[in-house]
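Engineer: Just dropping this structure here.
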């Protein structure tokens with residue numbers, strides 16, 4: 001191949017990529033885009049719109065826009081706000097505990113301990129299980145007479161007859177522990193990945209300068225880990241706020257565990273109030289966006305300073 | 001100094017052991033419960049290990065909860081979903097990774113956005129849409145929902161794998177005069193195989209484990225998926241038949257556990273390298 005041929009081929013390549021790339025990309029993308037548009041984007045837009053209508057279940061119902069009526073109704077709907085508060089407590093506690101526990105575990109898994117490989121595999125177990133089965137398993141663990149939790153407490157001389165999922169004072173905390181358990185693998189693995197990206201030379205330099213383990217953690221590890229921490233806690237918070245199956249099977253929303261998704265599900269598919277349930281969805285989106293906005297802005301500011 | 005270091009190490013081992021107990025013990029408990037007799041389960045002084053490893057609970061659970069039928073439904077839905085997801089996300093992922101067009105921004109935006117929206121907003125219109133075209137209470141309708149639901153993540157994963165294959169390889173193939181499709185089939189596809197396996201496993205497990213959409217869409221008992229049937233079993237018989245409930249759950253968890261055992265090494269290393277690249 002002569003130099004001229006190469007130049008021609010190069011030009012040909014370049015021309016083709018200028019000319020046909022955009023169209024080629026769209027064509028390749030079409031089979032994935034059509035179902036997403038039809039069954040994801042379109043229903044989502046409809047869902048947002050439904051939140052401004054009086055839609056109900058049933059065949060011959062005329063659906064009419066009713067403006068902000070749903071939101072006026074929601075404002076005075078005490079049970080909904082109650083559930084909303086439970087959702088916030090649940091999402092904040094699960095995300096925070098999950099983060100602290102996963103960070104500790106990730107640091108341990110990154111500390112060159114003996115049996116690290118086995119530990120990493122075991123740490124993935126909850127990830128491998130469907131939420132429904134996680135909930136069933138923990139119902140057994142928390143069973144008042146048979147459960148291992150009461151069994152263990154009894155062995156330690158503590159009260160061993162607590163009906164964890166059957167009373168208002170313990171149901172939500174118990175569900176939070178189960179939520180933490182279920183979400184730990186993703187958080188741990190992501191943080192572990194971040195830890196392995198932390199510059200080892202910086203650590204060594206700090207060590208030579210006489211920094212203690214704790215000082216190195218605060219001034220080297222944490223700042224390097226910051227983007228990963230922000231990303232995973234954000235995702236965890238959204239996931240936890242939108243959580244459904246776990247608590248549906250654990251308590252079905254009884255004893256002060258009625259998460260917003262359970263509430264909206266009941267509103268839509270038990271009572272048939274499609275419009276009102278969609279309005280709840282809209283409110284949830286706005287509140288999540290609100291929290292994320294402040295969280296991400298605070299993080300961005302923190303990085304600048 | 002030396003002694004402090006060893007003490008620190010010892011504490012680290014204690015801490016990691018506690019984490020492992022917390023994460024693994026519930027599964028051990030589920031496992032042993034599945035083999036216990038009703039008398040053992042109701043004993044005032046329950047033991048961790050069953051007196052005898054008997055399989056009665058498994059037989060009873062399979063029959064009572066009609067697990068075979070539900071597992072068949074779940075398997076069918078998960079396999080078809082996986083096939084469709086792979087077939088349509090492969091070209092799209094290639095386009096996303098190789099052509100830096102407006103498409104890329106749009107797709108990224110959608111992938112992120114689709115994570116934020118609560119399912120309730122999307123499921124009501126879907127429910128209203130699928131009913132009139134006969135897909136309301138059907139496994140086909142469930143497949144449609146699962147395909148769309150797992151596409152964003154599958155696309156994102158797969159485009160990462162495509163991006164990790166050097167463009168130079170393709171250009172070298174093109175230089176040698178091979179047509180584009182040959183380059184794709186004989187150079188890109190083999191290199192993409194691990195990525196395709198990982199993506200299909202995620203799609204499969206996602207569909208196998210999913211509960212919410214199935215709960216809303218599937219009303220016929222004969223069409224229920226495994227998670228749905230199990231959730232019902234909790235309320236119906238699971239209150240008293242703890243052993244059967246555990247046995248049924250254990251059986252239903254096996255495919256997911258097996259898949260994760262198979263891919264865990266790749267999963268950890270893949271996620272670890274992927275996240276570092278940012």
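Protein chains in written order, with the UniProt record's numbering: chain Z, 1 to 305; chain H, 1 to 278. Where is the CB? At the ideal position from N, CA and C, for every residue including glycine.
(1) Using a Cβ-Cβ distance cut-off of 8 Å, determine whether residue 126 (chain Z) contacts chain H.
(2) On a Cα-Cα basis, can you pick out the residue from Z:226, Z:165 and Z:206 that is closest to residue 193 (chain Z)?
(3) One question on the structure: do residue 120 (chain H) and residue 85 (chain Z) come within less than 8 Å of each other, judged by their Cβ atoms?
(4) Residues in its own chain within less than 7 Å of residue 74 (chain H) by CB, not counting five upstream and five downstream?
(5) What is the rounded straight-line gap between the Cα of residue 110 (chain H) and the Cα of residue 148 (chain Z)?
(6) What residues of chain H sit near residue 293 (chain Z), judged by a beta carbon separation below 9 Å?
(7) Taking only three categories from DSSP, how would you classify residue 82 (chain H)?
(8) Anyone know if the C-beta pair for residue 246 (chain Z) and residue 253 (chain Z) falls short of 8 Å?
(9) Taking C-beta to C-beta, are residue 99 (chain Z) and residue 190 (chain Z) nearer than 8 Å?
(10) Residue 129 (chain H) CB to nearest chain Z CB: under 8 Å?
(11) Can you find the residues in the same chain that come closer than 7 Å, C-beta to C-beta, to residue 57 (chain Z), ignoring five residues on each side of it along the sequence?
(12) If contact means a Cβ-Cβ distance below 8 Å, which residues of the stretch 145–156 of chain Z contact chain H?
(13) Just to check, is the beta-carbon of residue 82 (chain H) closer than 7 Å to a non-hydrogen atom of the ligand NAP?
(14) Within its chain, find whatever has a CB closer than 7 Å to the CB of residue 114 (chain H); leave out the 5 residues flanking it on each side and keep chain order.
(15) Tell me the rounded alpha-carbon separation between residue 8 (chain H) and residue 218 (chain Z).
(16) State the DSSP-derived secondary structure class of residue 53 (chain Z), mapped to helix, strand or coil.
(17) Do you know how far the Cα of residue 206 (chain H) is from the Cα of residue 102 (chain H)?
(18) Where does residue 17 (chain Z) fall in DSSP's three states?
(19) Between which two residues does the alpha helix (DSSP H) containing residue 182 (chain H) stretch?
(20) Tell whether a beta-carbon distance below 8 Å holds between residue 117 (chain H) and residue 201 (chain H).
(21) Given that a residue counts as buried once 16 or more other Cβ atoms are within 10 Å of its Cβ, and exposed if not, what is residue 168 (chain H)?
(22) Please list the terminal residues of the continuous alpha helix (DSSP H) segment that includes residue 93 (chain Z).
(23) For chain Z, is any of its Cβ atoms less than 8 Å away from the one on residue 252 (chain H)?
(24) Under 8 Å, Cβ to Cβ, is there at least one residue of chain H near residue 77 (chain Z)?
(25) Mind checking who residue 65 (chain Z) pairs with in its DSSP beta bridge?
(26) Please classify residue 210 (chain H): does DSSP put it in a helix, a strand, or coil?
(27) Considering just the uninterrupted stretch of the alpha helix (DSSP H) at residue 187 (chain H), what are its terminal residues?
(28) Excluding five sequence neighbours on each side, which residues of the same chain lie with their C-beta closer than 8 Å to the C-beta of residue 1 (chain H)?
(29) Whose Cβ in chain H lies nearer than 7 Å to the Cβ of residue 281 (chain Z)?
(30) Contact check, residue 263 (chain Z) vs residue 93 (chain Z) under 8 Å by CB: the rounded distance?
(31) Who are the near neighbours of residue 16 (chain Z) in its chain, counting only those whose CB is closer than 8 Å to its CB and skipping five residues on each side?
(32) Can you pull the chain H residues whose beta carbon is under 7 Å from the beta carbon of residue 179 (chain Z), in chain order?
(33) So, does the CB of residue 12 (chain H) fall closer than 8 Å to a CB anywhere in chain Z?
(34) Let me know the secondary structure DSSP gives residue 99 (chain H) once reduced to three states.
(35) Helix, strand or coil for residue 105 (chain H)? Go by DSSP, reduced to three states.
(36) Which of the three DSSP states is assigned to residue 288 (chain Z) in this structure?
Structural biologist: This is what the structure gives:
(1) On the first chain, position 126 is the one that residue 126 (chain Z) refers to. So yes, residue 126 (chain Z) belongs to the interface.
(2) Within the first chain, the letter at position 193 stands for residue 193 (chain Z). Measuring from the Cα of residue 193 (chain Z), the nearest candidate turns out to be Z:226.
(3) In the second chain, residue 120 (chain H) corresponds to position 120, counting from 1. In the first chain, residue 85 (chain Z) corresponds to position 85, counting from 1. The beta carbons of residue 120 (chain H) and residue 85 (chain Z) sit no closer together than 8 Å.
(4) Along the second chain, one-based indexing puts residue 74 (chain H) at 74. Contacts found: 208, 225 and 226.
(5) By 1-based counting over the second chain, the position of residue 110 (chain H) is 110. By 1-based counting over the first chain, the position of residue 148 (chain Z) is 148. Cα-Cα distance, rounded: 44 Å.
(6) The sequence position of residue 293 (chain Z) within the first chain is 293, counting from 1. Residues of chain H passing the Cβ test: none, with the nearest at roughly 12 Å.
(7) Mapped onto the second chain, residue 82 (chain H) falls at position 82. Note: residue 82 (chain H) maps to helix in three-state DSSP.
(8) By one-based count along the first chain, residue 246 (chain Z) stands at place 246. By one-based count along the first chain, residue 253 (chain Z) stands at place 253. Contact flag unset, no.
(9) For the purposes of this step, residue 99 (chain Z) is identified with residue 99 of the first chain, where counting begins at 1. For the purposes of this step, residue 190 (chain Z) is identified with residue 190 of the first chain, where counting begins at 1. Inclusion of residue 99 (chain Z) and residue 190 (chain Z) in the CB contact set at 8 Å is not warranted, their separation being larger than that value.
(10) As a working mapping, residue 129 (chain H) is identified with position 129 in the second chain. Interface residue, yes.
(11) Along the first chain, one-based indexing puts residue 57 (chain Z) at 57. Cβ neighbours of residue 57 (chain Z) within its own chain (closer than 7 Å, five residues either side excluded): 272 and 274.
(12) Against chain H - using a Cβ distance shorter than 8 Å - the residues of the stretch 145–156 of chain Z are 145, 146, 148 and 151.
(13) The ligand NAP is absent from the structure shown, which contains no ligands of any kind.
(14) Taking the first residue of the second chain as 1, we reach residue 114 (chain H) at position 114. These residues qualify, in order along the chain: 152.
(15) Position 8 of the second chain, counted from the start, is the residue given in the question as residue 8 (chain H). Position 218 of the first chain, counted from the start, is the residue given in the question as residue 218 (chain Z). When rounded, the distance between both Cα atoms is 18 Å.
(16) Reading the first chain from its first residue, position 53 is the one you call residue 53 (chain Z). The answer is strand: DSSP assigns residue 53 (chain Z) an E or B state.
(17) For the purposes of this step, residue 102 (chain H) is taken as residue 102 along the second chain, with counting starting at 1. For the purposes of this step, residue 206 (chain H) is taken as residue 206 along the second chain, with counting starting at 1. Approximately 29 Å between the Cα atoms of the pair.
(18) One-based indexing of the first chain puts residue 17 (chain Z) at position 17. Here residue 17 (chain Z) scores only 48 on pLDDT, less than 50, and its place in the model should not be relied on; the value that follows carries that caveat. Residue 17 (chain Z) sits in a helix when the DSSP states are folded into three classes.
(19) On the second chain, residue 182 (chain H) is found 182 positions in, with the first residue counted as 1. From DSSP, the alpha helix (DSSP H) with residue 182 (chain H) extends over 180–183.
(20) Taking the second chain and counting its residues from 1, one reaches residue 117 (chain H) at position 117. Taking the second chain and counting its residues from 1, one reaches residue 201 (chain H) at position 201. Contact: no.
(21) Position 168 of the second chain, counted from the first residue, corresponds to residue 168 (chain H). So residue 168 (chain H) ends up on the exposed side.
(22) Here residue 93 (chain Z) corresponds to residue number 93 of the first chain, with the count starting at 1. Run containing residue 93 (chain Z): 78–109, per the alpha helix (DSSP H) assignment.
(23) As a first step, residue 252 (chain H) must be located in the second chain, where it is residue number 252. Yes, its Cβ sits closer than 8 Å to a Cβ of chain Z.
(24) For this step, residue 77 (chain Z) is matched to residue 77 along the first chain. Interface with chain H (8 Å Cβ-Cβ cutoff): residue 77 (chain Z) is excluded.
(25) Translated into positions along the first chain, residue 65 (chain Z) becomes position 65. Looking at the DSSP assignment, residue 65 (chain Z) forms a beta bridge with Z:53.
(26) Looking up residue 210 (chain H) in the second chain gives position 210. The answer is coil: DSSP assigns residue 210 (chain H) none of H, G, I, E or B.
(27) By one-based count along the second chain, residue 187 (chain H) stands at place 187. Looking at the DSSP string, residue 187 (chain H) is not in any alpha helix (DSSP H), and its letter there is neither H nor E.
(28) Mapped onto the second chain, residue 1 (chain H) falls at position 1. For residue 1 (chain H), the pLDDT reaches just 46, beneath the cut-off of 50, and the residue's location in the model is therefore unreliable, leaving the point undetermined.
(29) On the first chain, residue 281 (chain Z) is found 281 positions in, with the first residue counted as 1. Correct list: 118, 120 and 121.
(30) Mapped onto the first chain, residue 263 (chain Z) falls at position 263. Mapped onto the first chain, residue 93 (chain Z) falls at position 93. Their Cβ separation, rounded to whole angstroms, is 18 Å, which puts residue 263 (chain Z) and residue 93 (chain Z) out of contact at 8 Å.
(31) Start at 1 with the first residue of the first chain, and residue 16 (chain Z) comes out as number 16. Caution applies to residue 16 (chain Z), whose pLDDT of 46 falls short of 50 and renders its modelled position unreliable; the value that the coordinates give is listed next. If you ignore the 5 residues before and after residue 16 (chain Z), its C-beta comes within less than 8 Å of no other C-beta in its own chain.
(32) Residue 179 (chain Z) sits at position 179 when you count from the first residue of the first chain. Neighbours of residue 179 (chain Z) on chain H: none; closest Cβ ~13 Å, over 7 Å.
(33) Here residue 12 (chain H) refers to the residue found at position 12 when the second chain is read from its first residue. It does; some Cβ of chain Z falls within 8 Å.
(34) Here residue 99 (chain H) refers to the residue found at position 99 of the second chain. Note: residue 99 (chain H) maps to coil in three-state DSSP.
(35) As a first step, residue 105 (chain H) must be located in the second chain, where it is residue number 105. DSSP places residue 105 (chain H) in the helix class (H, G or I) of the three-state scheme.
(36) Reading the first chain from its first residue, position 288 is the one you call residue 288 (chain Z). DSSP places residue 288 (chain Z) in helix when its eight states are reduced to three.
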